[in-house]
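The next block holds one structure in the form of C-alpha cells; read it before the comments.
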Amino acid sequence: MGYTHYYHGQISRTTSSALQTDIQTLLTTITTTPTLSATIKITGPSGTGPPGLTDPTSISLNAEADGGHEPLIIPMGEYIPFRFCKTARKPYDAVVGAVLLRCLFYSPPSGVADGTTAEGVGGKGFVVQSDGSWEEWMPARELYLKAFGVEPTMPEGMTPSWN
Numbered sequence: 003m004g005y006t007h008y009y010h011g012q013i014s015r016t017t018s019s020a021l022q023t024d025i026q027t028l029l030t031t032i033t034t035t036p037t038l039s040a041t042i043k044i045t046g047p048s049g050t051g052p053p054g055l056t057d058p059t060s061i062s063l064n065a066e067a068d069g070g071h072e073p074l075i076i077p078m079g080e081y082i083p084f085r086f087c088k089t090a091r092k093p094y095d096a097v098v099g100a101v102l103l104r105c106l107f108y109s110p111p112s113g114v115a116d117g118t119t120a121e122g123v124g125g126k127g128f129v130v131q132s133d134g135s136w137e138e139w140m141p142a143r144e145l146y147l148k149a150f151g152v153e154p155t156m157p158e159g160m161t162p163s164w165n
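Numbering (my numbering), first residue to last: 3 to 165.
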C-alpha cells in the first residue's frame with residue numbers, strides 16, 4: 003500500500019490562471035533552491051517533458067525517473083468527485099502537497115458564496131485528505147512558505163501529528 007493524497011471538489015476556471023501562475027512560482031522556487039533542485043525534477047504527467055501548466059483546463063505533473071510515482075492531475079472548472087495521487091513518499095511528494103495546499107487557498111471547502119461545501123452535491127470548494135498527518139506534510143508546508151511567503155492552512159479533518 004502506498005502513501006496517498008486524496009482530493010475532490012472544484013477549482014473554478016476563473017481562478018485557474020492565477021493558480022497555474024502560482025504553481026509556476028512554486029516550480030521556480032524548486033529550480034532556484036539548490037537543496038531542492040538536486041532531488042526534485044518536476045516533469046509532465048508521464049515523467050518526461052514539462053509539467054502541464056499551459057492548458058487552462060488542468061494541472062498535471064509528475065517527477066523524473068525514481069523521484070516521482072503517480073501523476074497529479076487536477077481538472078479545472080468541473081466538479082471532481084474523487085481523485086488520488088500515490089506519491090509513495092518520493093521526493094516530489096512535497097510538490098504534490100504544496101500544489102494541493104495552493105488549490106485549497108483558491109477554493110476553500112467552506113468558503114463558497116452560496117454556502118455549499120465541497121462535501122455537498124455539486125459543491126464548489128476543494129477538499130484534501132491524506133494518509134499523512136499535518137506533521138508529515140512539513141516538507142510541503144516548508145516549500146509552500148518558501149514559494150508564497152505565508153504558512154499554508156491545514157486541511158479540515160487532517161490529523162495534526164502522527165501520534
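Beta carbons: idealized from backbone N, C-alpha and C, even for Gly.
Item	Value
Cβ shell of Met2 (< 6 angstroms), same chain only, five flanking positions each side left out	Past the edges of the chain, shown from 3 to 165, lies residue 2, and the structure says nothing about it.
Segment contact flag, the segment 75 to 86 with the segment 10 to 21, C-beta cutoff 8 angstroms, min 3 pairs	yes
Under 8 angstroms between C-beta atoms of Lys43 and His71	no
Close Cβ partners of Arg85 (< 6 angstroms) along its chain, the five nearest in sequence each way excluded	Tyr9
Opposing strand residues paired with Cys87 [DSSP bridges]	His7
Pro157, DSSP secondary structure in three states	coil
Spatially closest choice to Pro141 from Thr45, Leu103 and Gln131, by CA coordinates	Leu103
Cβ-based burial, Gln22 [other Cβ within 10 Å; buried from 16]	buried
Cα-Cα separation between Met160 and Thr89, rounded to whole angstroms	17 angstroms
Environment of Pro16 [buried if 16+ CB atoms lie within 10 Å]	The question names Pro, but residue 16 in the sequence shown is Thr. With fewer than 16 other Cβ atoms within 10 Å, it is exposed.
8 angstroms contact criterion, which Glu153 and Pro111 should meet: CB distance rounded	Contact flag wrong, Cβ pair sits at about 18 angstroms.
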